[in-house]
Amino acid sequence: MTKRIGGFRRKTRYKLQKEPNEKGKISMTTYFQKLDKGQRVVLKIEPSVHKGMFRPRFHGKAGMVVSRKGECYKISMKDGNKPKIVFVHPVHLRKV
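Per my numbering, the sequence shown runs over residues 92 to 187.
Set out below in structure tokens:
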């Protein structure tokens, strides 16, 4: 087998880049936001926070909050027809 070069942030130059008007400190309300069970959310990566970051292939996808685990939330979503479970920090989630 060949050895894989790079991590999951590889080839994401533009996906993990902020717009010029979004640069600067992140707001504390988005960092500590509370979400309810069953609430619909959109996964949007906050590039400046590496904690609780999901795979970039799920960027822009929608899911539903199942439960909370520590600081992160357990999100159920569909990847094509397969159900997936992703653990995400609330700074990377947007309410729908």
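Glycine included, each C-beta is placed from N, C-alpha and C at the ideal position. Owing to the predicted nature of the structure, the values given are computational and were not obtained by experimental measurement.
Measuring only the C-alpha atoms, how far is residue i from residue j?
i	j	result
K188	M92	A query on residue 188 cannot be resolved here, the shown segment of the chain reaching from 92 to 187 and no further.
Q124	K94	39 Å
L134	R101	19 Å
V140	R159	19 Å
G97	M155	30 Å
Y164	I176	10 Å
P111	P138	13 Å
H150	I136	6 Å
M168	V157	10 Å
G115	K109	10 Å
N172	M119	35 Å
Buried or exposed: where does residue i fall if 16 or more other Cβ atoms within 10 Å of its Cβ makes it buried?
i	result
I166	buried
I117	exposed
P181	buried
V132	buried
F145	buried
So which of the options has the shortest CA-CA distance to residue i?
i	options	result
G143	K116, F178, V187	F178
D170	P181, K152, V182	K152
R185	Y105, Y122, G161	Y122
R104	K173, P147, V157, G161	P147
V187	E113, Q130, M119	Q130
L126	E162, N172, P174	E162
Which partner residues does residue i have in the DSSP bridge list?
i	result
L134	L184
F178	K165
K106	In the DSSP output, where bridge partners are listed per residue, K106 has none listed.
With DSSP collapsed to three states, give me the class of residue i.
i	result
M155	strand
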